[in-house]
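Chemist:
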Amino acid sequence: MAGTTFCDVPELYNILNQYTRLSRLPEFNYLCLIGKRSVGSDCHIGSTRFKQIHCDSKGKFIMPECMRNIVLCVGGWVGGWVGEAMECAEALTKSNRYPVQILKGGYRRFSALNPFFRTQNILHTIKELESLRPYTVELLSGQLYLGDYKQAINPHVLKDLKLSALVNVSEDTSHVLEKGNHTILHINVSDSVDADLYSSFERICVFIGSRLNTGSADEIFSSHRISRCSAAAMAFLLHHLKYTIGEAWEHVLQCKTNMRPNRGFVQQLSDWELHTLGRRMTDIAVPCY
Numbered sequence: 060m061a062g063t064t065f066c067d068v069p070e071l072y073n074i075l076n077q078y079t080r081l082s083r084l085p086e087f088n089y090l091c092l093i094g095k096r097s098v099g100s101d102c103h104i105g106s107t108r109f110k111q112i113h114c115d116s117k118g119k120f121i122m123p124e125c126m127r128n129i130v131l132c133v134g135g136w137v138g139g140w141v142g143e144a145m146e147c148a149e150a151l152t153k154s155n156r157y158p159v160q161i162l163k164g165g166y167r168r169f170s171a172l173n174p175f176f177r178t179q180n181i182l183h184t185i186k187e188l189e190s191l192r193p194y195t196v197e198l199l200s201g202q203l204y205l206g207d208y209k210q211a212i213n214p215h216v217l218k219d220l221k222l223s224a225l226v227n228v229s230e231d232t233s234h235v236l237e238k239g240n241h242t243i244l245h246i247n248v249s250d251s252v253d254a255d256l257y258s259s260f261e262r263i264c265v266f267i268g269s270r271l272n273t274g275s276a277d278e279i280f281s282s283h284r285i286s287r288c289s290a291a292a293m294a295f296l297l298h299h300l301k302y303t304i305g306e307a308w309e310h311v312l313q314c315k316t317n318m319r320p321n322r323g324f325v326q327q328l329s330d331w332e333l334h335t336l337g338r339r340m341t342d343i344a345v346p347c348y
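Structure follows, in structure tokens:
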């Protein structure tokens, strides 16, 4: 059996906001949010705008198809494997190859922290799901986000996440970004193995660190939030939290599943690791890097 695990609100938030060209939510086996309810009762799980599993007439859980992410949402804080949450989780582990995740605090806490996900809709068509515009993924809860250019200029994203500072790691310094009351740091760099991002690492880290100290929420973004902004985010984690490259890589990958700094940036991160930690802790020759 795959077992069960707890899922924090930021983890579910990031699962909901994964995308490649389109949102991943329309993928048949990507995500199933589960909330047990009786027929005719209020559909609270609809507040997070995705799927719901019901019980049959005998009160037994109706099992979904095998899913990459199964998240069990209950009404209040989950402190242990008790009651119906435990029964449902155990039943689901028998039919799924991936761990069943139990959302800490349930849908009420998720909805309270992310009110912009609320909707009156219970069902969505595939076309509607494909048209959803994902939010930036969350690296540090309520503090640091990773996004792309379109998200950085989307007023709804900026407002909902209360973003007040942006780090633009790309060659696009469009005047569109100058609108509004946001502090912007432009790092003009191309996404090539020969591009020099290392010389800007300290500037990026000092800028973000100073903003976070004032309670600001910041976003690092590049054209497609895959290479440049991911490298910049890892550089900050090395500097701010004293992560190794391996730890920073794992953290960012968990938040943004298709992130991939190019090899030139990986080598520069290795040099930054030497600078911040005093020695190279990570073997970047390992294939995963």
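Numbering (this note's numbering), first residue to last: 60 to 348.
Note that the Cβ used here is the ideal one computed from N, Cα and C, for glycine as well.
1) Could you pull the start and end residues of the beta strand (DSSP E) that residue 323 belongs to?
2) Considering only residues of the same chain and omitting the five flanking positions on each side of residue 101, which have a CB-CB separation below 8 Å?
3) In whole angstroms, what separates the C-alpha of residue 266 from that of residue 274?
4) If you pair each beta-carbon of the stretch 237-255 with each one of the stretch 165-176, do three or more pairs fall below 8 Å?
5) Quickly, what does DSSP pair residue 160 with across the bridge? List them, please.
6) By Cβ distance below 6 Å, which residues in the same chain neighbour residue 271 in space, the five residues on each side in sequence not counted?
7) Starting from residue 78, trace the alpha helix (DSSP H) in both directions and tell me its first and last residue.
8) By the three-class DSSP mapping on this structure, what secondary structure does residue 151 have?
9) Only counting the same chain, and skipping five residues up and downstream in sequence, which positions put a Cβ closer than 6 Å to that of residue 283?
10) Which residue marks the beginning of the beta strand (DSSP E) containing residue 227, and which one marks its end?
11) Tell me the DSSP bridge mates of residue 297?
12) Ignoring anything shorter than 4 residues, give me the alpha helix (DSSP H) runs that lie fully in the stretch 255-317, in order along the chain.
13) Out of curiosity, what's the CA-to-CA distance linking residue 290 and residue 340?
14) Measure the beta-carbon distance from residue 299 to residue 268 and round it to whole angstroms, keeping in mind my assumption that it falls under 8 Å.
15) Span of the alpha helix (DSSP H) holding residue 185?
16) Three-state secondary structure (DSSP) at residue 82?
17) What's the C-alpha gap between residue 146 and residue 219?
18) Pick helix, strand or coil for residue 201, following the three-state DSSP scheme.
19) Which stretch, first to last residue, makes up the beta strand (DSSP E) that contains residue 215?
20) Can you tell me the Cα-Cα spacing of residue 85 and residue 227, whole angstroms?
21) Measure the CB-CB distance between residue 162 and residue 315 and report whether it falls below 9 Å.
22) State buried or exposed for residue 193, treating a residue as buried only when at least 16 other CB atoms are found within 10 Å of its CB.
23) Going by CA-CA distance only, name the one from 321, 279, 280, 342 that's closest to residue 306.
Modeler: In this structure, then:
1) Position 264 of the sequence shown, counted from the first residue, corresponds to residue 323. No beta strand (DSSP E) contains residue 323, which is instead part of the alpha helix (DSSP H) from 322-336.
2) Sequence index remark: in the sequence shown, residue 101 carries index 42 (1-based). Reliability of the predicted coordinates at residue 101 is poor, the pLDDT of 39 falling under 50, and no value is obtained from them.
3) Translated into the one-based positions of the sequence shown, residue 266 becomes position 207. Translated into the one-based positions of the sequence shown, residue 274 becomes position 215. Going by the C-alpha atoms only, they are around 13 Å apart.
4) Two segments are said to touch when three or more pairs of C-beta atoms, one from each, lie closer than 8 Å; by this definition the stretch 237-255 does not touch the stretch 165-176.
5) Sequence index remark: in the sequence shown, residue 160 carries index 101 (1-based). 64, 130, per the DSSP bridge assignment.
6) By 1-based counting over the sequence shown, the position of residue 271 is 212. Apart from the 5 residues on each side of it in sequence, residue 271 sits with its Cβ closer than 6 Å to the Cβ of 202 in its chain, given in chain order.
7) As a working note, residue 78 is residue 19 in the sequence shown. Neither: residue 78 is in no alpha helix (DSSP H) and is coded neither H nor E.
8) The residue you call residue 151 lines up with position 92 of the sequence shown. For residue 151, the three-state secondary structure derived from DSSP is helix.
9) If you number the sequence shown from 1, residue 283 lands on position 224. Only 207 meet the Cβ criterion.
10) By one-based count along the sequence shown, residue 227 stands at place 168. Per DSSP, residue 227 belongs to the beta strand (DSSP E) from 222-228.
11) As a first step, residue 297 is located in the sequence shown; it is residue number 238 there, counting from the start. None; residue 297 has no bridge partner.
12) Secondary structure within the stretch 255-317: the alpha helix (DSSP H) runs of 4 or more consecutive residues, fully enclosed, are 257-272, 287-299, 304-314 (chain order).
13) Here residue 290 refers to the residue found at position 231 when the sequence shown is read from its first residue. Here residue 340 refers to the residue found at position 281 when the sequence shown is read from its first residue. Residue 290 and residue 340: Cα-Cα distance of roughly 17 Å.
14) To locate residue 299, count along the sequence shown from 1; it is residue 240. To locate residue 268, count along the sequence shown from 1; it is residue 209. That belief holds up - the Cβ atoms of residue 299 and residue 268 are roughly 6 Å apart, short of 8 Å.
15) Your numbering for residue 185 matches position 126 in the sequence shown. It spans 185-189 - the alpha helix (DSSP H) in which residue 185 sits, taken as one unbroken run.
16) If you number the sequence shown from 1, residue 82 lands on position 23. Residue 82 falls in the strand class under three-state DSSP.
17) In the sequence shown, the residue the question calls residue 146 occupies position 87. In the sequence shown, the residue the question calls residue 219 occupies position 160. Rounded to whole angstroms, residue 146 to residue 219 spans 36 Å at the Cα level.
18) Sequence index remark: in the sequence shown, residue 201 carries index 142 (1-based). Note: residue 201 maps to coil in three-state DSSP.
19) Position 156 of the sequence shown, counting from 1, holds the residue named residue 215. Per DSSP, residue 215 belongs to no beta strand (DSSP E); it is in the alpha helix (DSSP H), 214-219.
20) Counted from its first residue, the sequence shown places residue 85 at position 26. Counted from its first residue, the sequence shown places residue 227 at position 168. When rounded, the distance between both Cα atoms is 30 Å.
21) In the sequence shown, residue 162 corresponds to position 103, counting from 1. In the sequence shown, residue 315 corresponds to position 256, counting from 1. The criterion of a C-beta distance shorter than 9 Å is not satisfied by residue 162 and residue 315.
22) The count along the sequence shown starts at 1 and reaches residue 193 at position 134. Label assigned to residue 193: buried.
23) Residue 306 sits at position 247 when you count from the first residue of the sequence shown. Of the candidates 321, 279, 280, 342, the one whose C-alpha sits nearest the C-alpha of residue 306 is 342.
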